[in-house]
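Visitor: Numbering (this note's numbering), first residue to last: 537 to 1053.
After the structure tokens below, expect a handful of questions from me.
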Amino acid sequence: MASKEVSTMIKQGFIADPTFSFSSRTTPSPISYSRVCSPSSSPPFPSSVSPASPSSSSIEIAQTPTRPTHSHPTLLEMMSEEQHRESRSLEEARKKPQARIARILSEFKQMCCATNMGVGSGDVRLTVVGRDGHKVIIDVHRTVLVEKSRYFAQKLCQRKERGVSHTIEISECDDVGDYVETVVLMYCDDLKKRLIGEDVKKVLALLKVCASLIFDEGITSCLEYLEAVPWSDEEEEEVIGVLAKHEFHDSMAGILQRVACEPSTSARVDDIFGRLLTGVLQAKDDKARREMKNLISRLFREDASDNEDGHHVSKDTLYSLCHRCLSSLVLCLSEAMCIDESKKDRVALMSEIAREADNLQWMVDILINKKMGDEFVKLWADQKELATLHSKVPTMFRHEISKITAVLCIAIGRGHVLVPKDARFELLSTWLEALYEDFGWMRRASRSVDKKLVEEGLSQTILTLSLRQQQSILLNWFDRFLNKGDDCPNIQRAFEIWWRRAFIRQSVVEQDNLSCK
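Have a look at this one:
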């Protein structure tokens, strides 16, 4: 049993394997070893040892004076090294605040010398104790404390005897260095200049101490600093959090103007949103338009998830922009029917149609994300004139428009848009044929089209209809798919479900009804 435990400890690296060690009896001394290795020594072995004969070579090899070495450290060694690293890290963490306090006290000494106060001549012994028990004792001057801090003035108001030393202790400090530095700041002639170059977190820490010591000049200087410097996103959250917890004077209002505006009416906010959306729709630079579309869409999503009670663009504004896009599409398709055969005109018109279709699709995405897309399904289903024009225009011009139908089917199939059955059937009656015709072009010409996603959305939308409507649509698809193949959406999954509903489950229901009779 003991041998098994020893074997286990050897495998885990707690002890070294004895087969790789040598006894002290057979291992030569370091001096003898150096003599063997030294090229200047004439005999290759010590005089007390005879050269090995061939028959004893294996024995001499086993007695080679080599210290056992390991290519990898043992587990015990690794654990010990980890403990050393942790100890060094803790020691360094302890040294940093100590070094900072030493630097602060050095500055304090210089200030006292410059003002002829003299270090150690203070009549108040201030003790600052941290939550971790770390303590700093500093001799300061009563006149400075009483003049600068209402907290210290209150503490010392009962001790007016001159030449008498007083003792004050501040306990349970979050950071001893911040308190010591704040006291030293009371000796500064120009606090604002003193804070230049400090980071925001440091000034926030000093601000909190100034507030606890009621150091008004320090509070004002910290607030003026925070108002003047830029903040990162993380710093902004901390600034707002600190200001929310403390009641400061009017300087705080100037800081908060950076992140809070005056109360605005909903109409004013809606005008701003409408202006931004209109600017994107009418943008002349395509690259800038794409970038701003992505930006505004992301901001709208963040607003919807993070701020349920925040300001929102109104439904009327969004739908007025949709009607504008629809009018532009009708105009573009009308021009496409009588387009000149010149290549330049064809390319320009294709680009314009694609742009207007993309604008409308963007508006539809916003409506769906804001849960306002139900009315657009009905609006799109009613576009009979546009659908008629669409059927008379070459596919290369019009296929971008069918992406709008695909987006609506995906939203309906996912349950993100809730509309009555008649509206769903009307949507497919108006635009399904166009989607079939354009699917091949959509799939090949647009990287943004996910074939599987469109097929799944279309399948689910069809399956929300009545069984008779499903049958009408899917039998028509069956014939088309056999002739078009990959250029037609593959919705055979919907076909299978319809088949089971129509023939297998219906038979079961009829048998159950007969058995009940």
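Beta carbons: idealized from backbone N, C-alpha and C, even for Gly.
Which full runs of the alpha helix (DSSP H) of 4+ residues lie inside the stretch 884-946, going along the chain?
Guide: Counting whole runs of 4 or more residues, the stretch 884-946 contains the alpha helix (DSSP H) stretches 910-917, 920-927.
Visitor: When the Cα atoms are used, what is the spatial distance from residue 1015 to residue 830?
Guide: Along the sequence shown, one-based indexing puts residue 1015 at 479. Along the sequence shown, one-based indexing puts residue 830 at 294. Cα to Cα, residue 1015 sits roughly 40 Å from residue 830.
Visitor: Quick check on DSSP: helix, strand or coil for residue 989?
Guide: What you label residue 989 is simply residue 453 of the sequence shown in a count that begins at 1. The answer is helix: DSSP assigns residue 989 an H, G or I state.
Visitor: In its own chain, which residues sit with a C-beta less than 6 Å from the C-beta of residue 858, not counting the 5 before and 5 after it?
Guide: Here the question's residue 858 lines up with position 322 in the sequence shown. Counting only Cβ-Cβ distances below 6 Å, and skipping sequence neighbours, we find 899.
Visitor: For a test of the three-state rule: what should DSSP assign to residue 736, helix, strand or coil?
Guide: In the sequence shown, residue 736 corresponds to position 200, counting from 1. Three-state DSSP puts residue 736 in a helix.
Visitor: Helix, strand or coil: which one does DSSP assign to residue 726?
Guide: Counting from 1 along the sequence shown, the entry for residue 726 is found at position 190. In this structure, residue 726 counts as coil in the three-state DSSP scheme.
Visitor: Which residue from 955, 936, 808, 889 puts its Cα closest to that of residue 910?
Guide: Indexing the sequence shown from 1 puts residue 910 at position 374. Answer by Cα proximity: 955.
Visitor: Mark residue 1010 as exposed unless 16 or more other C-beta atoms lie within 10 angstroms of its C-beta, in which case mark it buried.
Guide: Taking the first residue of the sequence shown as 1, we reach residue 1010 at position 474. Flag for residue 1010 reads buried.
Visitor: Are residue 990 and residue 959 touching if we call contact CB-CB under 8 Å?
Guide: The sequence position of residue 990 within the sequence shown is 454, counting from 1. The sequence position of residue 959 within the sequence shown is 423, counting from 1. It is not a contact, given that the beta carbons lie outside the stated cut-off.
Visitor: Measure from the alpha carbon of residue 943 to the alpha carbon of each residue in 971, 926, 961, then state which is nearest.
Guide: The sequence position of residue 943 within the sequence shown is 407, counting from 1. Nearest of 971, 926, 961 to residue 943, Cα basis: 971.
Visitor: Along the chain, where does the alpha helix (DSSP H) that runs through residue 820 open and close?
Guide: In the sequence shown, counting from the first residue as 1, residue 820 sits at position 284. That residue, residue 820, is in no alpha helix (DSSP H); it is neither H nor E in DSSP.
Visitor: With H, G and I counted as helix, E and B as strand and the rest as coil, what does DSSP make of residue 709?
Guide: In the sequence shown, counting from the first residue as 1, residue 709 sits at position 173. In this structure, residue 709 counts as strand in the three-state DSSP scheme.
Visitor: Using a threshold of 8 Å, state whether the C-beta atoms of residue 917 and residue 973 are closer than that.
Guide: Locating residue 917 in the sequence shown gives position 381, counting from the first residue. Locating residue 973 in the sequence shown gives position 437, counting from the first residue. Not in contact: residue 917 and residue 973 (Cβ atoms no closer than 8 Å).
Visitor: Do you know how far the Cα of residue 614 is from the Cα of residue 564?
Guide: Taking the sequence shown and counting its residues from 1, one reaches residue 564 at position 28. Taking the sequence shown and counting its residues from 1, one reaches residue 614 at position 78. Note that residue 564 scores a pLDDT of 41, beneath 50, so its modelled location is shaky; the value from the coordinates is reported in the next line. So the two alpha carbons sit approximately 31 Å from each other.
Visitor: Between the C-alpha atoms of residue 755 and residue 684, what's the straight-line distance to the nearest angstrom?
Guide: Locating residue 755 in the sequence shown gives position 219, counting from the first residue. Locating residue 684 in the sequence shown gives position 148, counting from the first residue. Rounded to the nearest angstrom, the two C-alpha atoms are 11 Å apart.
Visitor: What does the Cβ neighbour count give for residue 1039, buried or exposed, with the cut at 16 atoms within 10 Å?
Guide: Along the sequence shown, one-based indexing puts residue 1039 at 503. By the 10 Å Cβ count, residue 1039 comes out exposed.
Visitor: Which residues does DSSP list as the beta-bridge partners of residue 702?
Guide: In the sequence shown, residue 702 corresponds to position 166, counting from 1. Paired residues: 660.
Visitor: Just how far apart, CA to CA, sit residue 930 and residue 977?
Guide: In the sequence shown, counting from the first residue as 1, residue 930 sits at position 394. In the sequence shown, counting from the first residue as 1, residue 977 sits at position 441. Cα to Cα, the separation comes out at about 11 Å.
Visitor: Please classify residue 1021: does DSSP put it in a helix, a strand, or coil?
Guide: The residue given as residue 1021 occupies position 485 in the sequence shown. Residue state, collapsed to three classes: helix.
Visitor: Could you tell me whether the Cβ atoms of residue 705 and residue 663 are closer together than 8 Å?
Guide: One-based indexing of the sequence shown puts residue 705 at position 169. One-based indexing of the sequence shown puts residue 663 at position 127. It is a contact, given that the beta carbons lie within the stated cut-off.
Visitor: Starting from residue 674 and walking both ways along the beta strand (DSSP E), at which residues does that stretch end?
Guide: Here the question's residue 674 lines up with position 138 in the sequence shown. Here the beta strand (DSSP E) through residue 674 covers 671-676.
Visitor: Please name the residue or residues paired with residue 666 in a DSSP beta bridge.
Guide: For the purposes of this step, residue 666 is identified with residue 130 of the sequence shown, where counting begins at 1. 709, per the DSSP bridge assignment.
Visitor: Nearest by alpha-carbon distance to residue 996: which of 771, 673, 953 is it?
Guide: Indexing the sequence shown from 1 puts residue 996 at position 460. Here the closest residue by C-alpha is 953.
Visitor: Return the chain-ordered list of same chain residues with a C-beta closer than 6 Å to the C-beta of residue 670, the five sequence neighbours on each side being excluded.
Guide: As a working mapping, residue 670 is identified with position 134 in the sequence shown. The residues are 712.
Visitor: Starting from residue 967, follow the alpha helix (DSSP H) in both directions and report where the run begins and ends.
Guide: Position 431 of the sequence shown holds residue 967. Element bounds for residue 967: 957-981.
Visitor: Which residues mark the beginning and the end of the alpha helix (DSSP H) in which residue 1034 is found?
Guide: For this step, residue 1034 is matched to residue 498 along the sequence shown. Here the alpha helix (DSSP H) through residue 1034 covers 1028-1035.
Visitor: With a Cβ-Cβ cutoff of 8 Å, do residue 729 and residue 778 count as a contact?
Guide: Residue mapping note: residue 729 aligns to position 193 of the sequence shown, counting from 1. Residue mapping note: residue 778 aligns to position 242 of the sequence shown, counting from 1. No, Cβ-Cβ distance for residue 729 and residue 778 is not below 8 Å.
Visitor: When you compare only the Cα positions, how much space is there between residue 1037 and residue 860?
Guide: Within the sequence shown, the letter at position 501 stands for residue 1037. Within the sequence shown, the letter at position 324 stands for residue 860. Using only the alpha carbons, I get a separation of about 43 Å.
Visitor: When the distance is taken between beta carbons, is residue 806 closer than 8 Å to residue 850?
Guide: Numbered from 1 along the sequence shown, position 314 holds the residue referred to as residue 850. Numbered from 1 along the sequence shown, position 270 holds the residue referred to as residue 806. Contact flag set, yes.
Visitor: Mark residue 924 as exposed unless 16 or more other C-beta atoms lie within 10 angstroms of its C-beta, in which case mark it buried.
Guide: Locating residue 924 in the sequence shown gives position 388, where the first residue counts as 1. With fewer than 16 other Cβ atoms within 10 Å, it is exposed.
Visitor: Compute the Euclidean distance between the alpha carbons of residue 828 and residue 821, then round it to the nearest angstrom.
Guide: As a first step, residue 828 is located in the sequence shown; it is residue number 292 there, counting from the start. As a first step, residue 821 is located in the sequence shown; it is residue number 285 there, counting from the start. The straight-line gap from Cα to Cα measures roughly 11 Å.
Visitor: Taking buried to mean at least 16 other C-beta atoms within 10 Å of its own C-beta, is residue 895 buried or exposed?
Guide: As a position in the sequence shown, residue 895 is number 359, starting the count at 1. By the 10 Å Cβ count, residue 895 comes out buried.
Visitor: Select from 883, 760, 736 the residue whose C-alpha is nearest the C-alpha of residue 768.
Guide: Here residue 768 corresponds to residue number 232 of the sequence shown, with the count starting at 1. For the residues 883, 760, 736, the minimum Cα distance to residue 768 belongs to 736.
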